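Enquirer:
Protein chains in written order, with the numbering used here: chain A, 7 to 471; chain B, 3 to 87.
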């Protein structure tokens, strides 16, 4: 049985029918990693022995009648900022090149308890911000759709590993778009859940009040299965919310009939650098949703520049507080891009930071008010397709092609869903935004878009090393 | 992208801020970081002068969301131990 294109649900059915074993799934995935990763550089560490042990345990348990649920026996991988007990966790940085945590992150624990099979640790931009870089201990991951192009970041290895069909699901983190951006540029689904929905404990922080943990995956159903395992209250994470978790797969087939969807056209339509194909893709998606019975209308949100200003100030200030001592004493141990970005935090005053937090309140209230009238919003994930390595931006700037940071500022759940290929044969995507803790609506709308756009029939690149 | 050419005054301000923070930006990188600083200052300007004294930041907090989970955990513990509420 060829297992590389089986969804998580299909793998689960095959496991329970006895058509495949978890050990075979793990061996197949490890073989794909061995064949493809030398050119892609998605993995910083392959945990082969751990994967086979996890898989053997999963098989033994299923034979004994113990079923841990939909992730039982399913291979996955973790961005290398998630702590893993006894397994090196580097943040893709010289500063933590030999760091071996004593305990698992909450996410790693949950995936283990759900029966998942850990394949390894994945490339990231250094400390989830600095990349793509060639001056770090490990090379940057490459985009399987075209190796001359970047994956986007910072969950770069997570996106490359899934798009190259090494694994169906991998964990990312998202502070300004680091799940949704790589998902958009690699033709994947990436969900940033509501702030507080998934525990951040044991994940190296970039910016405490903007950081979100979530999965990247091949399809919406895979994402729903993964988030079902990950979501829930963690009393030891100060930001974790004690809010009930819905059944994320229950509404996947309901369609969008009767839903009200708003498009904040001012965010993206008039941006001079936006690719016309991206804007046309959003318009085409809106038309498909209308044909499927949704009410879709343009809406107005506050000026996009205000969202990005608040997000950048908050991120730079909080990141600087985390890295200040190392920036003072060992600046040269950071990659150049990382250092250039982090040092700007020193220039932010207390008044700048507090004004950004005042803006956050204003902007969150505005998005909440809009979502009081609409079930979801539809907007851009990225304004362009993945750039080549030699055209990748070095500095963070107000002109970022990513349109993701507004919902890190406000904490609303947001998901990137691919809708097709541009003329350069690279993926384009849309972003769906929902009410706080209503990830189920994102999955419902996302599944409809995946189907209506025809993406669920899209063949991934036949990647050969 | 707006014009973010740093002025001499902005460059002097940048050097002062880095020195105050104890950050030694290598000479070869200064122009890149300074240009990013100029861009950041333009973004920061959007946030200034916008709010009156009554506009509070998002981290002004209330204690009730903190209290509720604590109460729930205590209730669950009492239920596990078979104690009356």
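Yeah, the Cβ is synthetic: ideal placement off N, Cα and C, and Gly gets one too.
Given the structure is predicted, the values throughout are model-derived calculations rather than measurements.
(1) Have a look at residue 283 of chain A and residue 193 of chain A and give me their C-alpha separation to the nearest angstrom.
(2) Of all the residues that make up the segment 353-368 of chain A, which are near chain B by a beta-carbon distance shorter than 8 Å?
(3) Taking all protein chains shown into account, decide if residue 423 of chain A is buried (16 or more other Cβ within 10 angstroms of its Cβ) or exposed.
(4) Please confirm if the segment 305-322 of chain A is in contact with the segment 44-58 of chain B, defined as three or more CB-CB distances below 8 Å between the two stretches.
(5) Can you give me the start and stop residues for the beta strand (DSSP E) that residue 304 of chain A sits inside?
(6) To be precise: take each residue of the segment 209-242 of chain A, compare its Cβ to all Cβ atoms of chain B, and keep it if any distance is under 9 Å. Which residues remain?
(7) How many angstroms separate the CA atom of residue 431 of chain A from the CA atom of residue 461 of chain A?
(8) Let me check understanding here. Comparing Cα to Cα, which of B/12, B/84, B/81 lies closest to residue 36 of chain B?
(9) Can you give the beta carbon distance from residue 222 of chain A to residue 176 of chain A, rounded, assuming they're within the 8 Å contact cut?
(10) With a cut-off of 8 Å, does the C-beta of residue 63 of chain B fall near any C-beta of chain A?
(11) Can you check whether the CB of residue 208 of chain A is closer than 8 Å to the CB of residue 104 of chain A?
(12) Tell me which residues share the same chain as residue 305 of chain A and place their Cβ nearer than 6 Å to its Cβ, disregarding the 5 neighbours each side in the sequence.
(13) Alpha carbon to alpha carbon, what distance is there between residue 406 of chain A and residue 3 of chain B?
(14) Verify the CB distance criterion: does residue 403 of chain A have a CB-CB separation below 8 Å to chain B?
(15) DSSP state of residue 268 of chain A, grouped into three classes?
(16) Below 8 Å, how does it come out for the segment 73-82 of chain A and the segment 135-154 of chain A: are there three or more Cβ pairs, yes or no?
(17) Would you check if the distance between the CB atom of residue 410 of chain A and the CB atom of residue 183 of chain A is smaller than 8 Å?
(18) Using a Cβ-Cβ cutoff of less than 6 Å, which residues in the same chain neighbour residue 448 of chain A once the five nearest sequence positions on both sides are dropped?
(19) Where do the ends of the beta strand (DSSP E) carrying residue 437 of chain A lie?
(20) What residue from A/237, A/327, A/459 has the CA that sits closest to residue 426 of chain A's CA?
(21) Rounded to the nearest angstrom, what separates residue 416 of chain A and residue 394 of chain A at their Cα positions?
(22) Going along chain A, which residues have a C-beta under 7 Å from residue 48 of chain B?
(23) Check for me: the alpha helix (DSSP H) holding residue 360 of chain A runs from which residue to which?
(24) For a minimum of 4 consecutive residues, which ranges assigned as the alpha helix (DSSP H) are wholly contained in the segment 19-74 of chain A?
(25) Let me know if residue 470 of chain A comes out buried or exposed under the rule of 16 or more other beta-carbons within 10 Å of its beta-carbon.
(26) What is the rounded straight-line gap between the Cα of residue 22 of chain A and the Cα of residue 164 of chain A?
(27) For residue 20 of chain B, go through chain A and note every residue whose CB falls closer than 9 Å to its CB, in chain order.
(28) Taking 8 Å as the CB-CB limit, is residue 73 of chain B close to chain A?
(29) Just how far apart, CA to CA, sit residue 171 of chain A and residue 60 of chain A?
(30) Is the beta carbon of residue 203 of chain A less than 8 Å from the beta carbon of residue 237 of chain A?
(31) Take residue 224 of chain A as the anchor and find which of A/10, A/99, A/280 has the nearest alpha-carbon.
(32) For residue 222 of chain A, report the span of its beta strand (DSSP E) as first-last.
(33) Less than 8 Å between CB atoms is the rule here; does residue 470 of chain A satisfy it with respect to chain B?
(34) Quick one: what's got a C-beta closer than 8 Å to residue 113 of chain A's C-beta in the same chain, skipping five residues either side?
(35) Helix, strand or coil for residue 90 of chain A per DSSP?
(36) So, with DSSP's three-state summary, where would you put residue 254 of chain A?
Expert: Looking at the atomic coordinates:
(1) Residue mapping note: residue 283 of chain A aligns to position 277 of the first chain, counting from 1. Residue mapping note: residue 193 of chain A aligns to position 187 of the first chain, counting from 1. About 15 Å.
(2) Contact residues of the segment 353-368 of chain A toward chain B are 353, 354, 357, 358, 360, 361, 362, 363, 364, 365, 366, 367, 368 (C-beta to C-beta distance below 8 Å).
(3) Numbered from 1 along the first chain, position 417 holds the residue referred to as residue 423 of chain A. Classification for residue 423 of chain A: buried.
(4) yes
(5) Within the first chain, the letter at position 298 stands for residue 304 of chain A. 301-304 is the span of the beta strand (DSSP E), which, as asked, contains residue 304 of chain A.
(6) Residues 215, 239, 241.
(7) Reading the first chain from its first residue, position 425 is the one you call residue 431 of chain A. Reading the first chain from its first residue, position 455 is the one you call residue 461 of chain A. Computed Cα separation, rounded: 14 Å.
(8) Here the question's residue 36 of chain B lines up with position 34 in the second chain. Considering only alpha carbons, the answer is B/12.
(9) Your numbering for residue 222 of chain A matches position 216 in the first chain. Your numbering for residue 176 of chain A matches position 170 in the first chain. Rounded, the Cβ-Cβ distance is 6 Å, consistent with contact.
(10) As a position in the second chain, residue 63 of chain B is number 61, starting the count at 1. Cβ-Cβ to chain A under 8 Å: no for residue 63 of chain B.
(11) As a working mapping, residue 104 of chain A is identified with position 98 in the first chain. As a working mapping, residue 208 of chain A is identified with position 202 in the first chain. Their beta carbons are not under 8 Å apart, which means residue 104 of chain A does not touch residue 208 of chain A by this criterion.
(12) Here residue 305 of chain A is taken as the residue at index 299 of the first chain, counted from 1. For residue 305 of chain A, where only same-chain residues beyond five positions count, the Cβ hits under 6 Å are 268, 270, 376.
(13) Position 1 of the second chain, counted from the first residue, corresponds to residue 3 of chain B. Position 400 of the first chain, counted from the first residue, corresponds to residue 406 of chain A. Residue placement at residue 3 of chain B is poorly supported in this model, since its pLDDT is 47, which falls under 50; the coordinates still yield a value, given next. Each residue's alpha carbon lies about 9 Å from the other.
(14) For the purposes of this step, residue 403 of chain A is taken as residue 397 along the first chain, with counting starting at 1. Yes, because at least one Cβ of chain B sits closer than 8 Å to the Cβ of residue 403 of chain A.
(15) Here residue 268 of chain A corresponds to residue number 262 of the first chain, with the count starting at 1. In the three-state reduction of the DSSP assignment, residue 268 of chain A falls in the strand class.
(16) no
(17) Counting from one through the first chain, the residue named residue 410 of chain A turns up at place 404. Counting from one through the first chain, the residue named residue 183 of chain A turns up at place 177. Yes, the Cβ-Cβ distance between residue 410 of chain A and residue 183 of chain A is below 8 Å.
(18) Within the first chain, the letter at position 442 stands for residue 448 of chain A. Within the same chain, residue 448 of chain A has close Cβ partners 419, 421, 438, 440.
(19) Walking along the first chain from the start, residue 437 of chain A turns up at place 431. Its beta strand (DSSP E) spans residues 433-440.
(20) In the first chain, residue 426 of chain A corresponds to position 420, counting from 1. Measuring from the Cα of residue 426 of chain A, the nearest candidate turns out to be A/459.
(21) Mapped onto the first chain, residue 416 of chain A falls at position 410. Mapped onto the first chain, residue 394 of chain A falls at position 388. Near 31 Å, if we compare the C-alpha coordinates of residue 394 of chain A and residue 416 of chain A.
(22) Translated into positions along the second chain, residue 48 of chain B becomes position 46. Neighbours of residue 48 of chain B on chain A, chain order: 311, 312, 315.
(23) The residue given as residue 360 of chain A occupies position 354 in the first chain. Unbroken alpha helix (DSSP H) run through residue 360 of chain A: 356-377.
(24) 28-46, 54-69
(25) Locating residue 470 of chain A in the first chain gives position 464, where the first residue counts as 1. A caution first: residue 470 of chain A carries a pLDDT of 49, below 50, which makes its placement in the model too unreliable to give a value.
(26) Reading the first chain from its first residue, position 16 is the one you call residue 22 of chain A. Reading the first chain from its first residue, position 158 is the one you call residue 164 of chain A. For residue 22 of chain A and residue 164 of chain A, the distance between alpha carbons rounds to 27 Å.
(27) Position 18 of the second chain holds residue 20 of chain B. The answer, in chain order, is 349, 352, 353.
(28) To locate residue 73 of chain B, count along the second chain from 1; it is residue 71. No, because no Cβ of chain A sits closer than 8 Å to the Cβ of residue 73 of chain B.
(29) As a working note, residue 171 of chain A is residue 165 in the first chain. As a working note, residue 60 of chain A is residue 54 in the first chain. For residue 171 of chain A and residue 60 of chain A, the distance between alpha carbons rounds to 20 Å.
(30) Here residue 203 of chain A refers to the residue found at position 197 of the first chain. Here residue 237 of chain A refers to the residue found at position 231 of the first chain. Their beta carbons are under 8 Å apart, which means residue 203 of chain A touches residue 237 of chain A by this criterion.
(31) On the first chain, residue 224 of chain A is found 218 positions in, with the first residue counted as 1. Ranking A/10, A/99, A/280 by Cα distance to residue 224 of chain A puts A/10 first.
(32) Within the first chain, numbered from 1, the residue matching residue 222 of chain A stands at position 216. Residues 218-223.
(33) As a working note, residue 470 of chain A is residue 464 in the first chain. Its pLDDT being 49, under 50, residue 470 of chain A is placed unreliably in this model, and the value from its coordinates should be taken loosely. False, the Cβ-Cβ gap to chain B never drops below 8 Å.
(34) For the purposes of this step, residue 113 of chain A is identified with residue 107 of the first chain, where counting begins at 1. Around residue 113 of chain A: 84, 88, 177, 204, 205, 208, 209, 219, 236.
(35) Here residue 90 of chain A refers to the residue found at position 84 when the first chain is read from its first residue. Assignment of residue 90 of chain A by DSSP, reduced to helix, strand and coil, places it in the strand class.
(36) Counting from 1 along the first chain, the entry for residue 254 of chain A is found at position 248. Coil.
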